[in-house]
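Sequential numbering of the sequence shown, starting at 0, is according to numbering that gives the first Met the number 0.
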Amino acid sequence: MEKIAEDRAGTGIGEGPAFAVAIPFNAIAIAEPRPAGALVVREATGGERLVDRISRSAASIAQSAHAAIGREEAFGRVFLFVPVALGTGAVLWFALPQTLPIAAPVFLFAVSSVFAVLSRFGSPMAHRVWSALALCAIGMLLADLETRRMQTVLLDTPVTTQVTGRVLRREAGAAGEWRYHVRVEATAEPRIRRAPEEVELMTRARHEPFALGEVLRGKARLSPPSGPALPGLDDFSFSGYFGGIGAVGYFLGAPTHVERSAVSGTGPWSEAAEQTLLVVRDGITQRIRRTVPGDAGGFAAAILTGDRRSMSAATTEALRLSGLAHITAISGLHMALAAGIFFVGLRKLLSLSPAIAQSWPIKKIAAMAALAAAFLYLMTSGSQVSAIRAFLMTAIMLVAVLFDRPAISLRNLALAAIVILVVWPSQVLGASFQMSFAATAGLIAGYDGWRRRAARQSRYAPNFPGRKILSFLWNFAAGTFVTSLIGGLATAIFAVAHFHRMAPYGLVANLAAMPIISVVVMPAALAAMLLMPFGLDMPFLILAGEGLEIVIVIATTVASWSEGTSVARFATWFLPLASVGLLLLTLLHTRLRWIGAAVLVAAIGLAILLPPEDTADLIVSEDGRLAGLPGPDGRTIATNRNKPSDFLFSQWQHALARPDHLGPLRSEDGAVAGTRAEGADRLSVEQIRTVREMMRRQFAASPSGRFLCTGKVWCIVRLSKGWRIATVEDPALLGAACDAADIVVTPRRSPFGSCRSGANMIDAEVLRRTGATEFYLGNHDDRDIRQRTAYTTLDRPWQRHRLYDWRTDRFADGEPAAGANAAKVSDSGG
Numbered sequence: 000m001e002k003i004a005e006d007r008a009g010t011g012i013g014e015g016p017a018f019a020v021a022i023p024f025n026a027i028a029i030a031e032p033r034p035a036g037a038l039v040v041r042e043a044t045g046g047e048r049l050v051d052r053i054s055r056s057a058a059s060i061a062q063s064a065h066a067a068i069g070r071e072e073a074f075g076r077v078f079l080f081v082p083v084a085l086g087t088g089a090v091l092w093f094a095l096p097q098t099l100p101i102a103a104p105v106f107l108f109a110v111s112s113v114f115a116v117l118s119r120f121g122s123p124m125a126h127r128v129w130s131a132l133a134l135c136a137i138g139m140l141l142a143d144l145e146t147r148r149m150q151t152v153l154l155d156t157p158v159t160t161q162v163t164g165r166v167l168r169r170e171a172g173a174a175g176e177w178r179y180h181v182r183v184e185a186t187a188e189p190r191i192r193r194a195p196e197e198v199e200l201m202t203r204a205r206h207e208p209f210a211l212g213e214v215l216r217g218k219a220r221l222s223p224p225s226g227p228a229l230p231g232l233d234d235f236s237f238s239g240y241f242g243g244i245g246a247v248g249y250f251l252g253a254p255t256h257v258e259r260s261a262v263s264g265t266g267p268w269s270e271a272a273e274q275t276l277l278v279v280r281d282g283i284t285q286r287i288r289r290t291v292p293g294d295a296g297g298f299a300a301a302i303l304t305g306d307r308r309s310m311s312a313a314t315t316e317a318l319r320l321s322g323l324a325h326i327t328a329i330s331g332l333h334m335a336l337a338a339g340i341f342f343v344g345l346r347k348l349l350s351l352s353p354a355i356a357q358s359w360p361i362k363k364i365a366a367m368a369a370l371a372a373a374f375l376y377l378m379t380s381g382s383q384v385s386a387i388r389a390f391l392m393t394a395i396m397l398v399a400v401l402f403d404r405p406a407i408s409l410r411n412l413a414l415a416a417i418v419i420l421v422v423w424p425s426q427v428l429g430a431s432f433q434m435s436f437a438a439t440a441g442l443i444a445g446y447d448g449w450r451r452r453a454a455r456q457s458r459y460a461p462n463f464p465g466r467k468i469l470s471f472l473w474n475f476a477a478g479t480f481v482t483s484l485i486g487g488l489a490t491a492i493f494a495v496a497h498f499h500r501m502a503p504y505g506l507v508a509n510l511a512a513m514p515i516i517s518v519v520v521m522p523a524a525l526a527a528m529l530l531m532p533f534g535l536d537m538p539f540l541i542l543a544g545e546g547l548e549i550v551i552v553i554a555t556t557v558a559s560w561s562e563g564t565s566v567a568r569f570a571t572w573f574l575p576l577a578s579v580g581l582l583l584l585t586l587l588h589t590r591l592r593w594i595g596a597a598v599l600v601a602a603i604g605l606a607i608l609l610p611p612e613d614t615a616d617l618i619v620s621e622d623g624r625l626a627g628l629p630g631p632d633g634r635t636i637a638t639n640r641n642k643p644s645d646f647l648f649s650q651w652q653h654a655l656a657r658p659d660h661l662g663p664l665r666s667e668d669g670a671v672a673g674t675r676a677e678g679a680d681r682l683s684v685e686q687i688r689t690v691r692e693m694m695r696r697q698f699a700a701s702p703s704g705r706f707l708c709t710g711k712v713w714c715i716v717r718l719s720k721g722w723r724i725a726t727v728e729d730p731a732l733l734g735a736a737c738d739a740a741d742i743v744v745t746p747r748r749s750p751f752g753s754c755r756s757g758a759n760m761i762d763a764e765v766l767r768r769t770g771a772t773e774f775y776l777g778n779h780d781d782r783d784i785r786q787r788t789a790y791t792t793l794d795r796p797w798q799r800h801r802l803y804d805w806r807t808d809r810f811a812d813g814e815p816a817a818g819a820n821a822a823k824v825s826d827s828g829g
């Protein structure tokens, strides 16, 4: 009876004392016996009775909410929101357009901490609010600390130079190409003044692969990490800055060996240990590739050593379209399977001996051994952040076993999140972090409900021969289905927000593939890793490869059913609102969690029902080489390139939900031969007149909404609104283009900055400051142009390289380059 009264008090409904507490005194007085004439009084005070009812309802709701919050605190759910507050502070700090002085978060922390202490014995709600603000301030301070700690030098502009550097890591591609992670030691012809410390370079040329630690040299084309492909999309310079990668590119030809000797042991012991681990990891990768050929070997290397570039493009795309791409990333799934298989297997093995089982705590011994196995898995996987995150979650759960605590709990997940946010707060903005923790939180919450349901049903389950076998099979099948369903639903909003794609048959693919991964692939792979030092790994690697071949067949089959669903980018409010709903739904225990469900449904419903944002009339990439026109049919993007960059254009297609490409037409007009003076940088007056008339003639004759290109020199397009747009490769033709067009786009730096004719000049210097730009073109006569740019300011450390001028060795705001990165730059000139 006490339990029933408590429940009723928490919900605000029912009878008896618990219900009376939630009713105001005047409401009780109304319920007392009244004389016969009271009917007239009730009619005369109907408005007051309505107010009383509203008051009673509000008081009842408040009482119910207060009781529910009290039960959440009793269940320890308040602690789960500590990483949420820390992550919110980090997100706010990284999202700011300008870098705040360190005094701002320090002041916020000091003030909120003081008020949190003062309200400790006062208003509970005020105490919670001030404590949350203090944690947000700590998150901002952690984000600032990580940014100051990294100080990565990003290359300022694309350049072709000779690079000399030491190989830190290497990855073999499916087509024979090699990708090297190189620590730059010198650049020449030209020497880069502000050189990045580490770069990633690919080569397709035939050569003897470089061993880790060897020094290579070669002519390479270097580019800074790209910015957002469209305003609002992911900024790869952000991940490059916090990943320590200052430039990416490719070798022009095969690099050459400078020396054969590996790194000597004269450096710090940490570097020597890291180098040894990398050599071991590379040896394991090559062993796997030799034993298991083809895409199955690349797949096995991806889940064992983190080498994800060994699979062919077709298999990678099939895994993505089928919703199985998450298997290739070393995440909580792999770490939990590896540690779980080792834990259960060792515990079962030790339990075979009654003497050991009765004399030793075999459960804790198995947990310690599983923790060691998980750590070795982390070391051989390359210690990527996703693998470290998975190891932390697994380690906390195994340590909980050592202290006789529940292994699978949201509290352990919160501890892992706190550790990651303290060390790498920038990870909170990554899709990997968000999807991993969303899936894990959803699965733990779902497991808790499943366990309670199973406990209730087991009381009434009939007992018959074979019941345990049938129960095991049913639980395995149902568990696989529910796990795939919950994991898919929990990560769907982040997949859509970051990648703008959905796998419509992902649930089917996961139901078919995950039992193979869990029962065949991971046990065989774990046995192979344990037996590899003894040379007995081949049968198990082959078995794992056969299982992965089946997974690839499943992925290819499911991918053939659909090309995937592109989802246009949502408004900026969608992901924060949906994340709040998901957090409340998974972290709360009482009926308050349904508030999260309502918020999540509202976010999804608003995103679907609200009219989509206007589509830009013109899109220009950040380097100015690609221009696109979203067509009126809602499916096509017309560009000025026959074969646009797949990396860039695929992001346009998915973010705009336009799968079709419309290439340019070719002009029959010939040619610009004769319009360019031999060996001259400028055109004569007659040549400029000829080009201008040619462009005007093409504008008049070209079809609306499709580019018309003249060789590789210029492309023009006329829009239905009357706007004329020209993309020009040759700077000498910019003057003629300004006279013929309304908007001129060029990947070069304009020699005169702006057009005398009044046309809008979008050159390399402008795009370097704004990034990718969308143009919304209004009335042509009024020159109504609205722009949406990827960057509004360039004040953040991962953006400031766009302000650097190598001619003066200074930033555009006057700050010397050496002062900006003095901790990282030495004789490289930067």
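The beta-carbon is built from N, C-alpha and C at its ideal position, and this holds for glycine as well.
Check, Outcome
"Through-space distance from residue 576 to residue 608, alpha-carbon basis", "16 Å"
"Distance CB(residue 301)-CB(residue 307) smaller than 7 Å", "yes"
"Short Cβ contact (7 Å threshold) for residue 774 with residue 617", "yes"
"With 16 other Cβ atoms within 10 Å as the buried cut-off, status of residue 41", "Reliability of the predicted coordinates at residue 41 is poor, the pLDDT of 43 falling under 50, and no value is obtained from them."
"Cβ contact check for the stretch 335 to 344 and the stretch 314 to 327: 3 or more pairs under 8 Å", "no"
"Buried or exposed (CB count within 10 angstroms, at least 16 for buried), residue 199", "buried"
"Proximity of residue 385 and residue 431 at Cβ, strictly below 7 Å", "yes"
"Extent of the continuous alpha helix (DSSP H) run through residue 124", "123 to 149"
"Distance between residue 747 and residue 124 (C-alpha atoms, nearest Å)", "58 Å"
"Boundaries (first-last residue) of the beta strand (DSSP E) holding residue 713", "713 to 717"
"Run of the beta strand (DSSP E) containing residue 659, from where it starts to where it stops", "659 to 661"
"Simplified DSSP assignment, three categories, for residue 175", "coil"
"Coil, strand or helix - residue 376 by DSSP", "helix"
"Counterpart residues of residue 760 in DSSP-defined beta bridges", "743"
"Contact between the stretch 541 to 548 and the stretch 476 to 493 (3+ Cβ pairs under 8 Å)", "no"
"Residue span of the beta strand (DSSP E) that contains residue 642, given as start and end", "Counting along the chain, residue 642 falls outside any beta strand (DSSP E), and DSSP gives it neither H nor E."
"Backbone secondary structure at residue 9 - three-state DSSP", "In this prediction, residue 9 has a pLDDT of 40, which is less than 50 and means its spatial position is unreliable; nothing more can be read from the coordinates."
"Beta-carbon proximity list for residue 830, same chain, < 6 Å, skipping 5 on both sides", "Nothing can be reported for residue 830, as the shown portion of the chain is limited to 0 through 829."
"Secondary structure of residue 786, DSSP reduced to three states", "strand"
"Beta strand (DSSP E) segment containing residue 256, residue limits", "255 to 258"
"Three-pair Cβ contact test at 8 Å for the stretch 731 to 742 versus the stretch 760 to 776", "yes"
"Residue 365 versus residue 526 - alpha carbon distance", "16 Å"
"Residue(s) in a DSSP beta bridge with residue 618", "627 and 773"
"Neighbour-count burial assignment, residue 92, 16 or more Cβ in a 10 Å radius", "buried"
"Residues sharing a beta bridge with residue 164, DSSP", "183 and 215"
"Among 443, 469, 484 and 557, nearest to residue 587 - alpha-carbon criterion", "443"
"Continuous alpha helix (DSSP H) stretch holding residue 388: start and end", "384 to 401"
"Rounded straight-line distance, which links the Cα of residue 128 to that of residue 115", "8 Å"
"Residue range of the alpha helix (DSSP H) that includes residue 542", "537 to 560"
"Coarse secondary structure for residue 248, derived from DSSP in three states", "strand"
"Beta-carbon proximity of residue 172 to residue 420, cut-off 7 Å", "no"
"Beta-carbon separation (whole angstroms), residue 368 vs residue 341, contact threshold 8 Å", "7 Å"
"Helix, strand or coil at residue 71 according to DSSP, with G and I counted as helix", "helix"
"Integer-rounded CB distance, given that residue 394 should sit under 8 Å from residue 373", "6 Å"
"Start-to-end residues for the beta strand (DSSP E) that takes in residue 724", "723 to 727"
"Residue 818, DSSP secondary structure in three states", "Note on residue 818: pLDDT 40, under 50, position unreliable in the model; no value is reported."
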